[in-house]
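Participant: Just dropping this structure here.
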Amino acid sequence: MTTTTPTEERDPLAFAGSDKLVKLVGALYQRPRMGDLPRSLHAANVEWEPGYQQERAGRKGLPMVCLVGPAEGVLEEFKRRLGTARPSGGVRYAYLPLDQRKDAEGPATEASVHAIRDILWEARTELLRSPRSRGSGLRFGLFTLVVQLMAEKLPASDPPERTLLRKLQDNGLLVRFRSAIENVGKELVPSNDAWKYPLLVLRLLTMATFRLAVTGRVPLLSGRYRWFLRQPHLAPEMSGSFVRFAVRLTDGEWQQESPEFVARLLVNAFLEDLRRGYRRQFFRRRRMTYPVLLLDHVTTTNGGYRLLELINDVRNQTGLFDPLLVVSTSDAPPPDDRPSQDRPRWTAADAGDAYRSWQHELLRDRRARDAAAWYLPIGLDPGTPEQQSRARKHLQSLGDTYVLRRRQSSPPWWATRWMRLGVPLLIVALVASFVGVRYQDYRTSHCGTSSEWLTWTGTECVGISDGSFSVYQPADDTIRQVLSVITDQNRRAAELHGAHPERPYITLVDLEALTSPNGTAEGLTAERESLEGVAVAQLRQLTATATATAEPIVRVLVANGGLGMRQGVAVARQLSRMAEQDRSIVGVVGLDMSSLPTQQTIRALGDAGLPVVASTLSADGLADQNPVYFQVAPQNRREAAVAAAFAATRPGPKVLRVYYSDDDSDTYSTNLRDDVMKSFADKGFSVEARAFTPDGGQQAPSSHDRYGERLVGNAAAAGRDTCSYNGFVLFAGRGVPDFGDFATGAAQCGSTATIIGDDDVSRYVADQVAREQNRALPYYYLSFASEPATDPQGLARDFYTTLDRTLFPFEQTERGRSFDGHAALSYDAALVMITATAYLRETSADIPVTPGAVWREITAIHTSRPDDHQTNKYIEGVSGTIDYGGDIGRHVPEAKPVSVLRVEGGEVVRGLQGFCGMAAGRTSDAWCPADS
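Just so we're on the same page, our numbering is the position in the sequence shown counted from 1, plus 5.
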C-alpha cells in the first residue's frame, strides 16, 4: 500500500506522463537558433533532434495544445515554471483563467466580439508586462488601434472621415512632431524671422506626409495603415482608403459588420503584431523563446472555444506563421463539446508521439482547411497511485523550472546581433578603407586633387587647371598672383555669360611647359609672362561694351605640358576628351619650344580638331606641315635673315660660328642652325658650326654626327670655346638653362667675340637674377617683341598700362619686370582667337562657335587686296602687325617684327639695336631683308 503526503495530494502534475507533457511544452516554446523552420521531435525523450524537416513551409507552425480532463492547477504550475525559467526572464507568457467569463454558444454575436476583444486585451497586457522578460518589448500597434477604433464614438454632426482623420492625427507621432516644431518656432521666430518660412514648410510637409500615410497605399510610408487594406477580413476593398475603412470599425459602425469577421480581424491583428515582433530586424536581439498563452478552463460559453476556433481559422486563411504557443485546459477536446473515441486520441504519456503525429498531418489538414488543423488534444489520465508516484520522481529529475542551456538560449555566434552589426560595419570599414586608399591613390595620381584633368607622372604634375590649382612647378608669389587673377576673371566671365547669353562664350587653353628646367620659379618667368598676356586679353573682353554682341567672353584654362613639353601629347588627349564635354573650348594658345615633343603635341591637337595659335614658336616646319596650326612669331628663316643682315652692318671679320644643341629632337635649334648657316653664307660670311650637349642630356640621337661637326662639350665648354675667337658667334640653343652656362663660360676668359643670342635667349633675359649674375659679358639677342625694352607706343602703351598697373603691379618693380616680350606675344595669340570668333559672329549670329569655324576665320585675318571691295581685317597687335596674307595655306604673319636688343653689365640697354618688320609707329631699318 502506497502512502501519500499532503504535498503529494496537492501536486497538480501528479498524473501519468506529466513529465512528458512538461518536456513537450518546454520544447515547443524554444525557438530554433535560426529561422522558424519545423523540427523533428524525438518521441521518447521529447527533445528536438538535430536538423529540420524537408517539407519546411507546410509543417511550419506551433500547435494549440489542448489538455483534456481533470486539469485543476495544471496551467498554474506551468505559469510558475515559465515565470522562473532560466535564463531569467527568458519566456513571455500570459495566464488567463476563463471560468468567470461569458459568451453565448453558436454563431458569433456582438457579445462574442466583446468577449474575444477582452480576452485578447488581457493577453496583450500580460505579455507586455510579463515579469523578468528579456529583450525589447513587444508592440501591439495593430491590435491596439483596432480596439481604440471600436471604442471610438463619432459625433453625428461632423463628417465622420474628417473627425476620425483629426483623431488619428492627434493620437499619432505627427502631433508630437508638430508640437516640437511649434516649440522650436516659439524659440527661433521671435529672434529671427528667417526661420518662419522654413518652419512653415516643415509643418506643411509633415501634414502632407501624414495624409499620404493614412491612404494606406504608400509602401513603407503607410506602415500599419497599409496592413488593414491588405488583410482578408471585412472586405477592405469596399473602403478604398484606410480612413474610410477605419470609420467602419468605430462604435456604432462595426456592429453592422459580420461579428465573425470582426472577431477574426481582432485575432489576426493580435497575431500580426506578434509576427512583426519576431521578424528579423537589424538592430534587434533575436528572441529565443515563443510567447505562451495559457487559457485555463476554456468552454463553449466563456469565449475560450471561440478564440481557439478563430486562431485556427485565421491560421488556415492567411497561411502565415505566428509565434504564439497556446496551451488550454478543458473538459472536452476543442472544438468538440464532449470527448469521443478518437479525440483525444493521445495521453500525456504519449506527448512526444502526439506532437509528431500532429506535425505529419499538418500539411494535409492545412490544405483541407480542416476545422481542427491546429489543435493538439492531449488527455490527462490521473493513472494509478504507482503511476502518479513514478511521475513525481520523473518530475523531480527534471527540476522545478525550465532551464535552457546556453546553446539553446542564444543564436549561433555568426547570427547574433553583434555579428549582424559587426560584419556590416567591418565590411563598411574595409570598403571605406579600400575606397579611402583608392581615393588617396587617386588624389596622389592626380596631384593631390580630385580633378581627373591633372596627372602626377612621378616627378611632375601635368594637365589642365582653371587657375585654382597651380600647375607651375615650382610657383612663387608672383605666379600665384597671376593664377589668382585668372581664377577671379573666370568667375567674372561665367557671371557675365549668364547676364549676356547673346555674346559668344569661349574657352582658351594656355598650354606651356610649366615645369621649370632649372628647378626654380625664376626659370618660369617667361611662362608666367605668357599667362599674364592672356589675362590682359581676357580682361579686355570682360570690359568690352555691352552693345558689342559679337565680342566673345573668354574663359582661360592653364595647361602644363611637362618638362620640355614631353607630356604634351598626353595633355592634348586630355583636352580632346574635355572638349567633347565642354563645347566652349575653341582652341589652344601658347606652346613652348620648337621641339619634337611640341610637334607631336601639335599633331595630337590637330587630331582632336583644336586649332593652335602659338605665341613664340618659330621653327620653319611647324607652320608648313600642320593645317590647324598658326603662329604670331616669325619663322626661324626670317630670324636668321635679320641676324645676318644685322651682323653685316657691324664692324669686324666676316666670320661666324654657330653653337647649337646636340639633340636631334630639338628641332628649333637644328633648324635655326641650318637657316643661320645659309643666311650668313649668302651675306658673304665664312661659317662653321659646333654642337654642345644641352643641360638635362640628350633626348634623341646626336645632331653633330648627322652634320659631321665637332662636339665641344656642355654649354659652359661652348662658351669657353669662344675665348680665342674674334668673329661673330650666334647661340642657337635654349635660353634656359643653356645660355646662362654659355655666357658664364665665355665670361671666364673675357671672350671678345660678338655674341648674338637667338630669340629663346629672351627667356634667360627675363630672369633678372640669372641675367645679373653675368655682368661682364655683353651680348646681343633677338626678340619678337620690342617692348618693354623700349617705350611702348599706341596699342602697346594700353597693353602695358593694363599689365603693369591694373592687373600685375609687381611688373613695375625691378625684380618683377621682364624684358622677354612673352606677355605681348601671348596677348597677340589670344587676340587672334578672339578676333576670329568675333569675325564669325559678325558673319551670322546663327553660326555656332566651334573649333573648326574659328580655325576657318583665322585665315580671314589679313589686309584687303588691291582693287577689291574688302574690309581690312588684319590685327595691329602689341608685338606688331598680324596679317596672314589672305592665303589659306599661310599660317605665319607677313613681315612680323624681329628686334635686336643688347645687354650690357647685366642690364637691358633701353632702345633697339635693330628693328625689321611691320608695326604701328615703327619703321624697319634700311638694312632689313625682305620677308620671303
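For each residue, glycine too, the CB sits at the ideal point set by N, CA and C.
Fair warning: this is a prediction, and the values are worked out from it, not measured in the lab.
Please state the DSSP three-state secondary structure of Ala619.
Facilitator: strand
Participant: On the three-state DSSP scale, how would you describe Gln938?
Facilitator: Outside the displayed range of the chain (6 to 937) lies residue 938, so it cannot be described from this structure.
Participant: Three-state secondary structure (DSSP) at Glu457?
Facilitator: When DSSP states are grouped into helix, strand and coil, Glu457 belongs to the coil group.
Participant: Using 8 Å as the Cβ pair cut-off and three pairs as the minimum, do the region 707 to 716 and the region 733 to 747 touch?
Facilitator: Because the criterion of three Cβ pairs below 8 Å is not met, the region 707 to 716 and the region 733 to 747 do not touch.
Participant: Taking contact to mean at least 3 C-beta pairs separated by less than 8 Å, is the region 377 to 384 in contact with the region 346 to 364?
Facilitator: yes
Participant: Buried or exposed, going by whether 16 or more other CB atoms sit within 10 Å of the CB of Trp423?
Facilitator: exposed
Participant: Classify Trp932 as helix, strand or coil using the three-state DSSP reduction.
Facilitator: coil
Participant: For Asp341, which of Arg292, Lys65 and Ala376 has the nearest alpha-carbon?
Facilitator: It is Ala376 whose Cα lies nearest to the Cα of Asp341.
Participant: If we ignore side chains and look at the alpha-carbon of each, how far apart do Thr757 and Arg655 end up?
Facilitator: Taking the straight line from one Cα to the other gives about 14 Å.
Participant: Is Ala694 near Tyr673, with beta carbons less than 8 Å apart?
Facilitator: no
Participant: Candidates Ala646, Ala653 and Pro853: which alpha carbon is nearest Gly922's?
Facilitator: Ala646
Participant: Could you pull out every residue in the same chain whose Cβ sits closer than 8 Å to the Cβ of Ile316, ignoring the five residues on either side in sequence?
Facilitator: Met69, Val272, Leu276, Leu329, Val331 and Trp379
Participant: Between Thr603, Val563 and Arg582, which has its C-alpha nearest Arg571's C-alpha?
Facilitator: Thr603
Participant: Below 8 Å CB to CB, which residues in the same chain sit around Leu226 once its five sequence neighbours on both sides are set aside?
Facilitator: Thr214, Leu217 and Ala218
Participant: Curious, which full-length alpha helix (DSSP H) runs of at least 4 residues does the region 837 to 913 contain?
Facilitator: 856 to 863
Participant: Grab the span of the alpha helix (DSSP H) containing Leu154 for me, first residue to last.
Facilitator: From DSSP, the alpha helix (DSSP H) with Leu154 extends over Gly146 to Met155.
Participant: Just the C-alpha distance for Tyr879 and Asp668, rounded to the nearest angstrom, thanks.
Facilitator: 38 Å
Participant: Tell me the DSSP bridge mates of Gln35?
Facilitator: Thr294
Participant: Pick out whichever of Arg545, Val766, Val433 and Glu517 has its Cα sitting closest to the Cα of Arg497.
Facilitator: It is Arg545.
Participant: Just to confirm the assignment, what range does the beta strand (DSSP E) spanning Thr323 have?
Facilitator: Careful: Thr323 lies outside any beta strand (DSSP E), inside the alpha helix (DSSP H) at Gly309 to Thr323.
Participant: Tell me which residues share the same chain as Asp625 and place their Cβ nearer than 8 Å to its Cβ, disregarding the 5 neighbours each side in the sequence.
Facilitator: Gln640, Asn641, Arg642, Asn676 and Asp680
Participant: Pick from Arg291, Leu400 and Val490: whose alpha carbon is nearest that of Lys25?
Facilitator: Leu400
Participant: Using CA coordinates, which residue listed in Pro164, Leu367 and Asp481 is at the minimum distance from Leu67?
Facilitator: Closest option to Leu67, Cα to Cα, is Leu367.
Participant: Could you please give me the residues that DSSP links to Ile558 through a beta bridge?
Facilitator: Bridge partners of Ile558: Tyr510.
Participant: Which residues bound the alpha helix (DSSP H) around Val272?
Facilitator: Val272 -> alpha helix (DSSP H) spans Pro264 to Gly282.
Participant: Strictly by DSSP, which residues pair up with Leu103?
Facilitator: According to DSSP, which records beta bridges pairwise, Leu103 is partnered with nothing at all.
Participant: Taking the Cβ atom as the reference point for each residue, do Glu166 and Val30 lie within a distance shorter than 8 Å?
Facilitator: no
Participant: Return yes when the Cβ of Leu627 is within less than 8 Å of the Cβ of Ile558, no when it is not.
Facilitator: no
Participant: Leaving aside the five residues before and after Lys659 along the sequence, list all residues of the same chain whose C-beta is less than 7 Å from its C-beta, in chain order.
Facilitator: Gly689, Phe690 and Ser691
Participant: Under 6 Å Cβ to Cβ from Arg231, same chain only, skipping five residues before and after it: list those, please.
Facilitator: Short of 6 Å from the beta carbon of Arg231, and not among the five residues preceding or following it, lie these beta carbons of its own chain, in chain order: Gly221.
Participant: Which two residues bound the contiguous beta strand (DSSP E) that contains Val576?
Facilitator: No beta strand (DSSP E) contains Val576, which is instead part of the alpha helix (DSSP H) from Gly573 to Gln586.
Participant: State buried or exposed for His47, treating a residue as buried only when at least 16 other CB atoms are found within 10 Å of its CB.
Facilitator: exposed
Participant: Report the option in Gly894, Glu115 and Ala32 whose CA atom is closest to the CA atom of Pro264.
Facilitator: For the set Gly894, Glu115 and Ala32, the Cα lying nearest the Cα of Pro264 is the one of Glu115.
Participant: Buried or exposed: which applies to Pro338, given that a residue is buried once 16 or more other Cβ atoms fall within 10 Å of its Cβ?
Facilitator: By the 10 Å Cβ count, Pro338 comes out buried.
Participant: Between the C-alpha atoms of Ser600 and Asp493, what's the straight-line distance to the nearest angstrom?
Facilitator: 33 Å
Participant: Could you pull the start and end residues of the beta strand (DSSP E) that Thr334 belongs to?
Facilitator: Leu330 to Ser335
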